[in-house]
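Just so we're on the same page, this note's numbering is the position in the first sequence counted from 1, plus 110.
From the three backbone atoms N, C-alpha and C, an ideal C-beta is built for every residue, glycine too.
Data first, discussion second: the structure below is written as C-alpha cells.
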Amino acid sequence: MIDLDNIKPENFIEEEILDDLKAGRSKEVITRCPPEPSGYWHIGHCKAWMIDFETAKKFGGYTYLRMDDTNPSREQGEFAESYLDDLHWLGYEPKDVIYASEAYFDKIYLIAEEMIKNGYAYVDELSQEDQQKLKGTLTEPGKNSPYRDRPAEESLKLFREMREGKYPDGSLTLRAKIDMSHPNILMRDPIMYKISHEHHYKTGNKWCIYPIYDFAHPMEDALEGVTYSLCDITFRVHREVYEWFIDHGWNKPFAPKQREFSTLNLENVLLGKRYLKALVNEGKVLGWDDPRFMTIVGMKRRGYTAEGVKNFIRSCGVVASESTIPFSALEYHVREDLNKIATRAMVVMSPLKVIITNYPEGQTEEISIPNNPNDENAGSHKALFSREIYIEQEDFSLNPPPKYNRLIEGGLVRLKGAYVIRCNKVVMDGDKIDHLECEYLPNTKSGQDNSGIKVKGTIHFVSSQNCFECTIRNFKNLVKSEYLWPSKALADGISIDEILEKDSLIETTALAENFLKNTKPYDKFQFMRKGYYCTDKDSTDSRVIFNSTISLKDGFKK
RNA sequence: UGGGGUGUAGCCAAGGGGUAAGGCACAAGACUUUGACUCUUGCAUCCGUAGGUUCAAAUCCUGCCACCCCAGCCA
Numbered sequence: 111m112i113d114l115d116n117i118k119p120e121n122f123i124e125e126e127i128l129d130d131l132k133a134g135r136s137k138e139v140i141t142r143c144p145p146e147p148s149g150y151w152h153i154g155h156c157k158a159w160m161i162d163f164e165t166a167k168k169f170g171g172y173t174y175l176r177m178d179d180t181n182p183s184r185e186q187g188e189f190a191e192s193y194l195d196d197l198h199w200l201g202y203e204p205k206d207v208i209y210a211s212e213a214y215f216d217k218i219y220l221i222a223e224e225m226i227k228n229g230y231a232y233v234d235e236l237s238q239e240d241q242q243k244l245k246g247t248l249t250e251p252g253k254n255s256p257y258r259d260r261p262a263e264e265s266l267k268l269f270r271e272m273r274e275g276k277y278p279d280g281s282l283t284l285r286a287k288i289d290m291s292h293p294n295i296l297m298r299d300p301i302m303y304k305i306s307h308e309h310h311y312k313t314g315n316k317w318c319i320y321p322i323y324d325f326a327h328p329m330e331d332a333l334e335g336v337t338y339s340l341c342d343i344t345f346r347v348h349r350e351v352y353e354w355f356i357d358h359g360w361n362k363p364f365a366p367k368q369r370e371f372s373t374l375n376l377e378n379v380l381l382g383k384r385y386l387k388a389l390v391n392e393g394k395v396l397g398w399d400d401p402r403f404m405t406i407v408g409m410k411r412r413g414y415t416a417e418g419v420k421n422f423i424r425s426c427g428v429v430a431s432e433s434t435i436p437f438s439a440l441e442y443h444v445r446e447d448l449n450k451i452a453t454r455a456m457v458v459m460s461p462l463k464v465i466i467t468n469y470p471e472g473q474t475e476e477i478s479i480p481n482n483p484n485d486e487n488a489g490s491h492k493a494l495f496s497r498e499i500y501i502e503q504e505d506f507s508l509n510p511p512p513k514y515n516r517l518i519e520g521g522l523v524r525l526k527g528a529y530v531i532r533c534n535k536v537v538m539d540g541d542k543i544d545h546l547e548c549e550y551l552p553n554t555k556s557g558q559d560n561s562g563i564k565v566k567g568t569i570h571f572v573s574s575q576n577c578f579e580c581t582i583r584n585f586k587n588l589v590k591s592e593y594l595w596p597s598k599a600l601a602d603g604i605s606i607d608e609i610l611e612k613d614s615l616i617e618t619t620a621l622a623e624n625f626l627k628n629t630k631p632y633d634k635f636q637f638m639r640k641g642y643y644c645t646d647k648d649s650t651d652s653r654v655i656f657n658s659t660i661s662l663k664d665g666f667k668k
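Right, here's the structure in full:
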C-alpha cells in the first residue's frame with residue numbers, strides 16, 4: 111500500500127486525487143490511455159499518456175491501453191498495433207490491452223436498453239439535418255424532437271430493430287433525453303447510437319449500430335473500473351455530459367471522474383494527422399517515422415531518447431492553461447540526455463587534407479578516444495594518427511576572425527587525442543585551398559605531453575588510414591520559422607507548400623573514423639564539436655547513414 | 001449576445017493574505033585536449049486591468065478587458 115503522507119502532489123490533478131484518497135472518496139487510481147486507432151502517435155499524445163501512466167503509478171495504481179474504436183469508418187488495425195511499441199519505447203507497460211469494440215459493445219448496448227426503459231433515452235426518427243434545425247444555437251435554446259416523448263416500449267422496439275439491421279444508415283438515432291434548452295449545447299439530447307453498416311476492422315459485421323463518444327467513453331471507463339479519466343482540455347465542456355451518463359447510465363456507487371489538462375503545443379511543429387498523412391502519401395517525407403516528424407516513431411528515428419522527450423514534457427508542467435513551447439526547450443532536454451549516453455566519435459563533414467610533413471609515410475600510431483568524458487565507465491576506443499589526415503575546412507582560416515582558436519597559417523592547434531601541429535604552408539589550387547602542410551610536435555602527444563606548450567584550440571580529425579565515407583542526413587525544421595502555429599495557418603487557408611521549408615532534408619557525405627562502421631540502427635553518437643547523430647535504419651553494409659539528431663550548442667560568437 | 005476555460009518575465013511555470021521559486025532563452029565571466037558539458041553571475045519594485053477589503057493582496061471581493069473551446073450520427 112502507498113503511504114499517502116509521503117506523496118507530494120505535483121499538479122492540480124494529483125492534488126485532487128490525493129484529497130480524494132485521503133477522504134476515502136477514491137480507493138485506488140486506475141487510468142486509461144484511450145487512443146482512437148486512426149493515426150500515429152505524436153509528441154502531444156506522449157504528454158497525455160505520460161500523465162495517464164505516471165499519475166496512476168505515483169498512487170500505486172495502473173493503466174490500461176484501450177483502443178477507443180467505436181467508429182468503424184475511421185479505424186484501421188495498422189495503427190492499433192503500433193501503439194504498444196510506442197508505449198514500450200516510452201518505458202510504459204499497460205496493465206492490459208483492451209479493444210473497446212470487443213470488450214464493451216455488448217455491455218454498452220445493454221446499458222442503452224436500460225436507459226430507454228428508465229425513460230432516459232429515446233429513438234429519434236429525425237434526419238441529421240432536421241436534428242440540427244431543432245438544436246438551437248449558442249444563444250438560442252433548441253426544441254424537442256416530436257419523437258422525444260414516445261413510449262419507452264416503442265423506443266426499445268425500434269432500438270432492437272436498429273441493431274438487427276432493419277434500418278439504413280442515418281435513418282434513426284438513439285438520443286439521451288436531457289434538455290433541449292440547456293445552455294451547454296452538448297447537453298441538448300446528445301446522440302448515443304448511430305446506425306452504420308460499415309465493416310469494422312475488429313468486430314466485422316457483428317454490429318450495425320455504434321455508440322458515440324459522449325456515451326461510449328464514460329461507460330467504457332466505468333466498466334473498466336477506471337477511477338480517473340484524464341484527457342485534454344478540449345473535453346472540458348464534455349464533462350457535464352460525461353457526468354450525466356455516469357449518473358443515468360451507470361448509476362453505481364463507483365463513479366469515474368473526468369479531469370482535463372491543456373494540450374502540448376510546440377512552435378513550428380506540424381502534428382495534424384491529415385497533414386502528416388498527406389505528406390506520407392505524396393512521398394514528400396520518408397514515412398510516418400520521418401525524422402522531421404514529431405511522431406513517436408519519427409522522434410525515435412531522429413535519435414531522440416525517450417528520457418529526453420519525457421523530461422521535456424515534465425518541464426512543461428500539467429496545467430489547464432494553453433501554452434506554446436519553443437522548440438529549443440525540447441532540444442535542450444534531448445541534448446541533456448544524449449550528453450550522458452552518446453558515444454563520442456570523430457567525423458569530418460567538409461574535409462581539408464593536411465600532410466604532416468615530419469611524420470614518416472606509411473607509419474601510423476594508435477590514439478585513444480574516450481567514449482564519453484562525462485562517464486568513466488563508458489571506456490574508450492582506438493583511432494589512428496598518420497602522415498595524411500583530414501580536418502574540417504572551417505577549422506582553418508586564412509583570414510581568421512577575432513578570437514579564432516583554430517588553425518591559422520603559422521599557428522598551433524591540438525588534434526584531439528593526438529598531437530599539437532603547426533601549419534607551415536598553405537598549398538593553393540587557384541583560389542581554393544588544396545591542402546595544408548603541417549608539422550607535428552613530437553613531445554605533445556595526448557596524455558604524455560611534457561612540452562609545456564599551451565594551445566587555445568583543439569580540433570577533431572580523421573586519419574586517411576582510418577576513415578570511410580558515410581552519408582549524413584541533415585534536417586531543418588519541416589515548418590518555416592515564421593509559422594509558429596502551422597495548423598492555425600493552414601486553417602486560415604495558407605497552403606501547405608507555403609508553410610513547409612524547402613529542402614528540409616539535405617544529404618551530405620562525411621569521413622568517419624572506422625570505429626563507426628560497427629553500428630546498428632538507432633545507435634547514438636556525438637560527433638565531437640558537431641552534434642548528436644544516430645544510425646538510420648536505411649543503412650546498408652556498404653553505406654552507413656547517420657541522421658543528425660541535433661547540433662551541439664555553439665558558443666563561438668562571430 | 002449562451003455556456004465553459006485561461007490570464008505571473010521573450011517562452012513555460014511555482015506560489016492560494018506577510019512582501020515574486022525553478023527551468024528554457026538571452027547576456028557576462030570561469031573552466032575545458034569537444035568554443036560541448038560543468039560552474040558563477042545577471043535577468044518581474046511586480047503578478048491582464050480598474051476599484052474595494054486589510055496593518056499587509058499575485059493571493060480575498062466586485063466590475064471590466066483579452067485569448068481559447070463548444071452547435072459531427074468524430075474522438
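Do you know offhand how far E191's Cα is from P510's?
Here residue 191 corresponds to residue number 81 of the first sequence, with the count starting at 1. Here residue 510 corresponds to residue number 400 of the first sequence, with the count starting at 1. Answer to the nearest angstrom: the Cα atoms are 56 Å apart.
For N509, which three-state DSSP category applies?
Numbered from its first residue, the first sequence carries residue 509 at position 399. Correct three-state label for N509: coil.
List the endpoints of the continuous beta strand (DSSP E) containing C580.
What you label residue 580 is simply residue 470 of the first sequence in a count that begins at 1. Looking at the DSSP string, the run of the beta strand (DSSP E) that includes C580 is C577 to F585.
In the region 474-505, which residue ranges form an unbroken beta strand (DSSP E) of at least 3 residues, counting only runs that do not cross its ends?
474-480, 490-496 and 498-502
With 16 other CB atoms within 10 Å as the buried threshold, where does D299 fall?
By one-based count along the first sequence, residue 299 stands at place 189. D299 should be labelled buried.
In chain order, each beta strand (DSSP E) run of at least 3 residues that lies wholly inside the region 351-412
367-371
In this structure, how does DSSP classify V336 when only helix, strand and coil are distinguished?
Numbered from 1 along the first sequence, position 226 holds the residue referred to as residue 336. If DSSP states are grouped into helix, strand and coil, V336 belongs with coil.
Alpha carbon to alpha carbon, how far is A528 from I569?
Taking the first sequence and counting its residues from 1, one reaches residue 528 at position 418. Taking the first sequence and counting its residues from 1, one reaches residue 569 at position 459. Approximately 10 Å, taken between the alpha carbons.
In chain order, what residues of the same chain have a beta carbon less than 6 Å from the beta carbon of S339, not counting five sequence neighbours either side?
Counting from 1 along the first sequence, the entry for residue 339 is found at position 229. D331, P366 and Q368.
Helix, strand or coil for P596? Go by DSSP, reduced to three states.
As a first step, residue 596 must be located in the first sequence, where it is residue number 486. Looking at P596 - three-state DSSP - the assignment turns out to be helix.
Can we say the region 236-246 touches the region 205-217, given the rule of at least three CB pairs closer than 8 Å?
no
Tell me whether R653 is buried or exposed, calling it buried when 16 or more other Cβ atoms sit within 10 Å of its Cβ.
Numbered from its first residue, the first sequence carries residue 653 at position 543. R653 comes out exposed.
Integer Cβ distance of E476 from R497, believed to fall under 8 Å
Locating residue 476 in the first sequence gives position 366, counting from the first residue. Locating residue 497 in the first sequence gives position 387, counting from the first residue. Incorrect: roughly 15 Å between the Cβ atoms, too far for contact.
Inter-stretch contact at 8 Å, needing at least 3 Cβ pairs: the region 620-636 / the region 416-435
no
List in chain order: all unbroken beta strand (DSSP E) runs of 3+ residues lying wholly within the region 639-663.
The region 639-663 contains, as complete beta strand (DSSP E) runs of 3+ residues, the segments 641-645 and 655-661 (chain order).
By a C-beta neighbour count over all protein chains shown, 10 Å radius and 16 as the cutoff for buried, is L508 buried or exposed?
Position 398 of the first sequence holds residue 508. Exposed, because fewer than 16 other Cβ atoms sit within 10 Å of the Cβ of L508.
Between L588, N468, M302 and V407, which has its C-alpha nearest C533's C-alpha?
As a working mapping, residue 533 is identified with position 423 in the first sequence. Of the candidates L588, N468, M302 and V407, the one whose C-alpha sits nearest the C-alpha of C533 is N468.
Which one or two residues does DSSP pair with Y176 in a beta bridge?
The residue labelled residue 176 in the question sits at position 66 within the first sequence. For the sequence presented, residue 176 should be read as Arg rather than Tyr. Residue pairing for R176: DSSP places it in a beta bridge opposite I208.
G187 by DSSP, collapsed to three states: which one?
Numbered from 1 along the first sequence, position 77 holds the residue referred to as residue 187. Here G187 sits in helix by DSSP.
Excluding the 5 residues preceding and the 5 following T415 in the sequence, name in chain order all residues of the same chain whose CB lies nearer than 8 Å to its CB.
Counting from 1 along the first sequence, the entry for residue 415 is found at position 305. Within the same chain, T415 has close Cβ partners V444, D447, L448, I451 and K634.
Inter-residue spacing [alpha-carbon to alpha-carbon] between M225 and A599
On the first sequence, residue 225 is found 115 positions in, with the first residue counted as 1. On the first sequence, residue 599 is found 489 positions in, with the first residue counted as 1. Roughly 44 Å between the two C-alpha positions.
What does the alpha-carbon distance come out to for the pair I288 and L389?
Here residue 288 is taken as the residue at index 178 of the first sequence, counted from 1. Here residue 389 is taken as the residue at index 279 of the first sequence, counted from 1. When rounded, the distance between both Cα atoms is 43 Å.
Please state if the CB of V530 and the CB of V565 are separated by a distance shorter than 7 Å.
The residue you call residue 565 lines up with position 455 of the first sequence. The residue you call residue 530 lines up with position 420 of the first sequence. Yes, the Cβ-Cβ distance between V565 and V530 is below 7 Å.
Enumerate in chain order the residues of its own chain whose CB-to-CB distance from E138 is below 8 Å, with the five nearest sequence positions on each side excluded.
For the purposes of this step, residue 138 is identified with residue 28 of the first sequence, where counting begins at 1. F169, G170, G171 and T337.
Counting along the chain, where does the beta strand (DSSP E) carrying A620 start and finish?
Here the question's residue 620 lines up with position 510 in the first sequence. Taken as a continuous stretch (DSSP letters only), the beta strand (DSSP E) holding A620 covers L615 to E623.
Once DSSP output is grouped into helix, strand and coil, what is the label at I153?
Numbered from 1 along the first sequence, position 43 holds the residue referred to as residue 153. Helix.
Here's the rule: buried if 16 or more other CB atoms are within 10 angstroms of the residue's CB, otherwise exposed. What is G413?
In the first sequence, residue 413 corresponds to position 303, counting from 1. In summary, G413 is buried, with 16 or more beta-carbon neighbours lying within 10 Å of its beta-carbon over all protein chains present.
Could you give the distance in angstroms between the alpha-carbon of H491 and the alpha-carbon of S478?
Mapped onto the first sequence, residue 491 falls at position 381. Mapped onto the first sequence, residue 478 falls at position 368. Using only the alpha carbons, I get a separation of about 6 Å.
Would you identify the three-state DSSP class for G170, choosing helix, strand or coil?
For this step, residue 170 is matched to residue 60 along the first sequence. Note: G170 maps to coil in three-state DSSP.
Spatial distance of K647 from R411 (CA atoms)
Start at 1 with the first residue of the first sequence, and residue 647 comes out as number 537. Start at 1 with the first residue of the first sequence, and residue 411 comes out as number 301. Cα to Cα, K647 sits roughly 8 Å from R411.
Report the CB separation of C156 from L114 in whole angstroms; it is logged as a contact under 8 Å.
The residue labelled residue 156 in the question sits at position 46 within the first sequence. The residue labelled residue 114 in the question sits at position 4 within the first sequence. Not confirmed; about 28 Å, so no contact.
Quick check: V351 and L296, are their CB atoms within less than 7 Å of each other?
Sequence index remark: in the first sequence, residue 351 carries index 241 (1-based). Sequence index remark: in the first sequence, residue 296 carries index 186 (1-based). It is a contact, given that the beta carbons lie within the stated cut-off.
Along the beta strand (DSSP E) that carries L525, what are the first and last residues, could you check?
Residue mapping note: residue 525 aligns to position 415 of the first sequence, counting from 1. Run containing L525: L522 to L525, per the beta strand (DSSP E) assignment.
Whether L440 touches F506 by CB criterion (7 Å):
The count along the first sequence starts at 1 and reaches residue 440 at position 330. The count along the first sequence starts at 1 and reaches residue 506 at position 396. When the beta-carbon positions are compared, L440 and F506 stay at least 7 Å from each other.
Residue from N254, L236, A231 and T554 whose Cα sits closest to the Cα of L266:
Numbered from its first residue, the first sequence carries residue 266 at position 156. Comparing Cα-Cα distances from L266 to each of N254, L236, A231 and T554, the minimum goes to A231.
Determine the closest residue to F495 out of R516, Q473 and F371, with distance taken between C-alpha atoms.
As a position in the first sequence, residue 495 is number 385, starting the count at 1. Minimum Cα distance to F495 is reached at Q473.
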